[in-house]
Amino acid sequence: MPKLAALQDFFGAPALGPTWSASTSAPDVSLDQVLDRVQIACTTSYPQLGAAGPWDATSSAVYARVVPPPVGNGGTQLLMRLSLDASNRATLIYSGGSLSAAVLNAGVTTTVSVGTYNPFLHAWWRIREQAGNFLFDTSPDGWSWTPGATIPHSWPAGAVQAVWLCGYSGTEAAGMYAYVDQVGTTVTAPAEINLNFPRIEDGWGPLWDSNGGTVPLDRYVDISERVRNGVTVGRGRQYETDQVRAAEVQLELANDDGRLEPTNTAGPWYGSINPYQPYRRRAQWPPSRNLLDQVMATGGDLGGFSGVIVTAATGIFSSTDTAATFVTTASAWQGSTVMQFAVPASAPAQSRICYAPRPPVVPGRTYTVSLRVRNITQSSSLSVAAALGWYTTAGGLTPSTTSYGTTAVLAGSASAGWTTLVVTATAPAGAAGFFSGVATAATAAAACAVQVDGWQLEAGAQATTWQVPGIWYPVYAGWTERWPAQWGQDGTYGRVSPSAVDSLALLSQQTLADPLTQEINSLSPRFVYKFDDPSGSSSVADWTGNYPAASIAAGKYGPGVVTLGAEITATDTVNGIYTGSTGTVANFNNGSPGVALTAPASFVKLSSAGIMGPADPSQWSRLMAFRYTGPTPTSGAFLWSSMDGQRSGGNPSGAHIYLYLDSNGVPRLWIQGPSGASNVVPFGGSANCVDGNWHLLWFGYNQNTQQMFASLDGATASYFGGIAVNRTPTGLISDNVGGFVDVTVGNGTANNYKGDISFIVEFPTIPISSAQITGMYSAWKAAASGESTTARYRRILRYAGYTGPTSLQTGLTTSMGPAATDGQDAVSALEAVVATEGGAHYIARDGTITFKSRSDRYNAFAPLYVFGEREDLGELPYESCETDFDPTHLANAAEVTQESTGQLFYDTDAPSTKAFFKRPITRTINSTNADECQDAASYLISRYRRPATRVSSLVLHPSANPALWPVCLGLELGTRARAVRRPPGVPPVTVEMFVENLEWAWGDDLEAKLTLQGSPADLSPYGIIAAWHTTLATSPAAGVTTVTVRAGQDNTNVLAAQIAPGQQLVLGQGTANQETVTVSAVGNTASGWTTGTLTLTAATTKSHASGDVVCEPLPAGTTDSTTWDSVAGFDAICFAY
1 MPKLAALQDF FGAPALGPTW SASTSAPDVS LDQVLDRVQI ACTTSYPQLG
51 AAGPWDATSS AVYARVVPPP VGNGGTQLLM RLSLDASNRA TLIYSGGSLS
101 AAVLNAGVTT TVSVGTYNPF LHAWWRIREQ AGNFLFDTSP DGWSWTPGAT
151 IPHSWPAGAV QAVWLCGYSG TEAAGMYAYV DQVGTTVTAP AEINLNFPRI
201 EDGWGPLWDS NGGTVPLDRY VDISERVRNG VTVGRGRQYE TDQVRAAEVQ
251 LELANDDGRL EPTNTAGPWY GSINPYQPYR RRAQWPPSRN LLDQVMATGG
301 DLGGFSGVIV TAATGIFSST DTAATFVTTA SAWQGSTVMQ FAVPASAPAQ
351 SRICYAPRPP VVPGRTYTVS LRVRNITQSS SLSVAAALGW YTTAGGLTPS
401 TTSYGTTAVL AGSASAGWTT LVVTATAPAG AAGFFSGVAT AATAAAACAV
451 QVDGWQLEAG AQATTWQVPG IWYPVYAGWT ERWPAQWGQD GTYGRVSPSA
501 VDSLALLSQQ TLADPLTQEI NSLSPRFVYK FDDPSGSSSV ADWTGNYPAA
551 SIAAGKYGPG VVTLGAEITA TDTVNGIYTG STGTVANFNN GSPGVALTAP
601 ASFVKLSSAG IMGPADPSQW SRLMAFRYTG PTPTSGAFLW SSMDGQRSGG
651 NPSGAHIYLY LDSNGVPRLW IQGPSGASNV VPFGGSANCV DGNWHLLWFG
701 YNQNTQQMFA SLDGATASYF GGIAVNRTPT GLISDNVGGF VDVTVGNGTA
751 NNYKGDISFI VEFPTIPISS AQITGMYSAW KAAASGESTT ARYRRILRYA
801 GYTGPTSLQT GLTTSMGPAA TDGQDAVSAL EAVVATEGGA HYIARDGTIT
851 FKSRSDRYNA FAPLYVFGER EDLGELPYES CETDFDPTHL ANAAEVTQES
901 TGQLFYDTDA PSTKAFFKRP ITRTINSTNA DECQDAASYL ISRYRRPATR
951 VSSLVLHPSA NPALWPVCLG LELGTRARAV RRPPGVPPVT VEMFVENLEW
1001 AWGDDLEAKL TLQGSPADLS PYGIIAAWHT TLATSPAAGV TTVTVRAGQD
1051 NTNVLAAQIA PGQQLVLGQG TANQETVTVS AVGNTASGWT TGTLTLTAAT
1101 TKSHASGDVV CEPLPAGTTD STTWDSVAGF DAICFAY
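What follows is the structure, given as structure tokens:
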């Protein structure tokens, strides 16, 4: 008798063979020759696909890929069954959207719920017999199986029948079917998708440029069919102490038609083939007919999204609704979630209700899209049609043409049924992207809500039944760099071999200026006159290059003195200077400073460079750094003046902008419109600036919000409202820095300025947030000193102009020294941050810049994957493994330099030095905390004082073992893994590692290998500190400011040695009255104490009972304060910093 595992069929024959003679006859059971599968009608008679048996199921199994019928009204079923007779059988059951397993023993049924049916995870079903039990498993791909239920059986399994049945109870619509294929095999019929190799997508973006480092999610050309001789993708570094490297891709593309030739003027993408255009490689596993991502295909059931549909994350767009949502409904076409889009009244025809501009397009290929839609707004009506639209380089990000399917009218009802929309169209030869979706077919008569589910996009001229797509795994996302071309075979065989790099290559080309200049530049300044020009210059240059140099001019009554090249100094040489820029400044030494008298003066004449007031008088802000060294003004010392040509009563009378120090030394902003209406406001953070120290002024005006803005030294309470629009300073004809210059009398000067000035800047708007104000001030004053490594990393990316996705962990270094970015490239600046943190960074598979804190690795206690030959133990097989036990990263003498001070910190290990001779290791870190610098030196010794085994090469071969595909495609740099080797006759050898390098080799012969390199994981046991906890000794009421606690595990050390003022504690941990309080004082106790008193900074808000737990705040997800009591330890244990 044949074993059950011998039941195999991929249904590639023109008819069902004799193996299936036990099946119900057609049309209830028939062969779908288009997709090589069996179709079973869903009827009350429960037709069956039956295999001619019997079969021996003992220690054997049968599996198949199945598609249950739609949920319908909830009564539909699909059953996969092994039966001895009517009283003894094992069944895997889909019923009304749920999956369960049942075994009938002598007429008695045991049923186990497997869970809610998931069309992806439960795509394959398996029943197997083992040691008197039937085991029911499911799989997304036919390779990786998940146990669902184990149920014992009491009957012999040596002669069973195997059947698949479909039917329903109750009332259901006619025309529903279930499908079965791939019985006992993952080998497919010749015309079908290869189920053992992922669908590969090589997308190139001629519509895009470098895009601020943002790798686009959509609108690509699929060039995968042009690939010749395979693709190699290399990401990562060799060792954990090496500098990160840009990932690289090498590929060769067929170009017989010359379409990829940049100089081909007849090519469809001529003029749009350039360096640094996006290129990505993705792999869909398991492969499917449906080309969409899971989230859009399933209406939100899969993909990990909920709530508002965020376009940037999901790739789902709408032209009619900016706040579309995923909605849970019991009447979804499939699953339990749908997408819902609002359509406003009068929305014009061809408005795209929802659309997705992905995947990449193959020019000349025919595509079909099908969607299920309904209108749930009662008593409304909407005409819609499926849509396929094509992007070209000529049209840019707007579709050039769109094809529409047959119009359907959706009658609105809360219980509306689903309507299937279909359209088929062929991509034009010059297509550079496309979208699929649903659009209005006529103007909307009334507002309504449209729901969408069961979305499928496929290659081909007809719609097939909906299939849940596999997961699209990113393999690489970056940028084409070079386009070398070759023509062989007498010029008839063309090839191009573009190389690609990731965003690190773009960032490495960005040379940064000092922090202040970069902070200014990040806000799109109109001009930046830094006043750092060489001594003896007669003009000052605009750093942006937007304007010519502005000259130093003399006033009507004679010149004063303006000296360029002055050093930054102050009365308080420590706290009175700024360090955000190290350049020189301009010194103004004009007579009669701050006095309302005409006097000789020199100033910087911005109008000589063509600047005459703000570019847009209705909205602007300006920035200035200054140090006033004159006496306290008797009238006012003017720093900046700009005015129109009106004059009346012996004074300028029209529009102006004045910036000056008043008679109290406080800076003021005076803005006046051409009619003479004005407002004068003091600067937020107002202080007497007649102190010989440097100050930063940021000021501006917004007509739309009717605000003046004036901030001194980073003060955020600097917005003044109620400013009438007639204050808008229009018609200005002059702009002068360093004094009051009256253009209406030929540049007469008065209220002169004496002191230093630097950084004269204009921005298009006033600051939009407090963070912008404080960020600017921090960059100016202290070069951003005091910020965390995460904040510094984010700052550098912003300075470099990067706008792409990031994933930045919270660093453990909370106070960095000054950002010494001047002259650094962005990657080196980022690397310095990573060195300070002791963490890691890289570009992830999807192009996301990723920053990991140092805790990421020492908190990774267990491997995510174990590679070895024991698949029965859950190990993943590898093809080869090479290790190295070497002294490359052996160190016993650490020297850490604190960058901001140059101070050195040391640590050594004598036993290591004796064993291996002296092995130095040096680091420069930019932490302001000296203890952290010392801890860094100690950690380096702890980490590298002993040699460790490194994995120099571990080869995985997923094309030979498809069960490895989801592991290999999901593997990321920094993953903790374990490699196991079992030499004969000796105990297993294990190597713990973190993945440092991933090298893909994709052949064009359906071969693929992934080679890993790994750094050894730190095997030192780390100290674990338990949470401090005790209980209340009394029952305090709400409103008290003292509580009495019992001694916890430690009554030897006094309470004040355990709890300090400022410590937060949780009273009543785990109770309904749990609250967090702060300790202000600790009562006296002595060794052996039993109770102690804590004084709180504020009264309690809730009552508590004696015995309630008191503990320090616990990490998220932890509620038991005793969690770490049994594992906490200190002796002979390393501690990370």
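The sequence shown begins at 1 in the working numbering and counts up one residue at a time.
Virtual Cβ for every residue (Gly too), placed ideally from N, Cα, C.
Nothing here was measured: the structure is a model prediction, and the numbers come from that model.
Item	Value
Between which two residues does the beta strand (DSSP E) harbouring Val-980 extend?	976–981
Go ahead and pull the three-state DSSP assignment for Ala-533.	According to the sequence shown, residue 533 is Asp rather than Ala. Reduced to three states, the DSSP call for Asp-533 is coil.
In this structure, does DSSP put Thr-629 in helix, strand or coil?	coil
Starting from the Cα of Arg-622, find the closest Cα among Asp-502, Thr-629, Ser-758, Asp-691 and give me that residue.	Ser-758
For the stretch 454–512, which segments carrying the beta strand (DSSP E) assignment without a break, of at least 3 residues, lie completely within its bounds, in sequence order?	471–482, 485–488, 493–496, 499–501
Nearest-angstrom Cα distance between Thr-584 and Lys-530?	9 angstroms
Quick one: any contact between the stretch 872–880 and the stretch 948–956, if contact means 3 or more CB pairs under 8 angstroms?	yes
Count Cβ pairs between the stretch 457–469 and the stretch 401–414 that sit closer than 8 angstroms; are there 3 or more?	no
With DSSP as the reference, please indicate the residues paired to Tyr-906 in a beta bridge.	Glu-895
Go ahead and pull the three-state DSSP assignment for Gly-583.	coil
Considering only the beta carbon of each residue, do Arg-946 and Pro-863 sit closer than 8 angstroms?	no
Could you check how far apart the C-beta atoms of Val-1079 and Gly-1062 are, in whole angstroms? I think they sit under 8 angstroms.	7 angstroms
Just how far apart, CA to CA, sit Thr-377 and Asp-502?	47 angstroms
Taking the alpha-carbon of Ser-663 as reference, which of Ala-106, Phe-638, Pro-674, Gly-684 has the nearest alpha-carbon?	Phe-638
Using a C-beta cutoff of 8 angstroms, does Pro-525 count as contacting chain B?	This model lacks chain B altogether; it includes just one protein chain.
May I ask you to report which of helix, strand or coil DSSP gives Gln-772?	helix
Checking the sheet assignment: what are the DSSP bridge partners for Lys-754?	Asn-589
So the beta strand (DSSP E) Thr-392 belongs to, where does it begin and stop?	381–392
Rounding to the nearest angstrom, what Cα-Cα distance links Ser-642 and Gly-786 in this structure?	37 angstroms
Relative to the C-alpha of Leu-661, which residue among Lys-754, Ala-513, Asp-257 is closest?	Lys-754
Look up Lys-852 in the DSSP assignment and say whether it is helix, strand or coil.	strand
Report yes or no: do three or more beta-carbon pairs, one from the stretch 739–753 and one from the stretch 533–551, lie closer than 8 angstroms?	no
Between Asn-587 and Ala-570, what straight-line distance do the alpha-carbon atoms span, to the nearest angstrom?	12 angstroms
Which one of Gly-654, Ala-1056, Gly-804 has the shortest CA to CA distance from Asp-209?	Gly-804
Buried or exposed for Gln-1064, going by 16 or more other Cβ atoms inside 10 Å?	exposed
Take Thr-848 and list the residues in its own chain whose beta-carbon comes closer than 6 angstroms to its own, dropping the five residues that flank it on each side.	Pro-805, Ser-807
My output table needs one value for Ile-941: the three-state DSSP class, helix, strand or coil.	helix
For Tyr-239, which option in Tyr-220, Ile-1024, Asp-1050, Val-951 has the closest C-alpha, if you only look at C-alpha atoms?	Val-951
For Thr-975, which residues in the same chain have their Cβ closer than 8 angstroms to its Cβ, ignoring the five residues on either side in sequence?	Leu-864, Tyr-865, Phe-994, Val-995
Between Ala-1141 and the rest of its own chain, which residues show a CB-CB distance below 7 angstroms, the 5 nearest in sequence each way excluded?	Summary: the structure shown does not reach residue 1141, with the chain confined to residues 1 through 1137, and so no result is reported for it.
Taking the beta carbon of Lys-605 as the centre, do at least 16 other beta carbons fall within 10 Å, making it buried, or is it exposed?	buried
Spell out a yes or no on whether the stretch 141–158 and the stretch 121–130 are touching, meaning 3 or more CB-CB pairs, one atom from each, closer than 8 angstroms.	yes
Are the CB atoms of Tyr-355 and Phe-317 within a distance shorter than 8 angstroms?	yes
What's the C-alpha gap between Val-896 and Ser-522?	33 angstroms
What first and last residue would you give for the beta strand (DSSP E) that runs through Val-1223?	Within the shown structure, residues of the chain are numbered from 1 to 1137, placing residue 1223 beyond reach of any answer.
Can you tell which of Phe-699, Ser-927, Thr-232, Val-496 has the C-alpha that lies nearest to the C-alpha of Ile-657?	Phe-699
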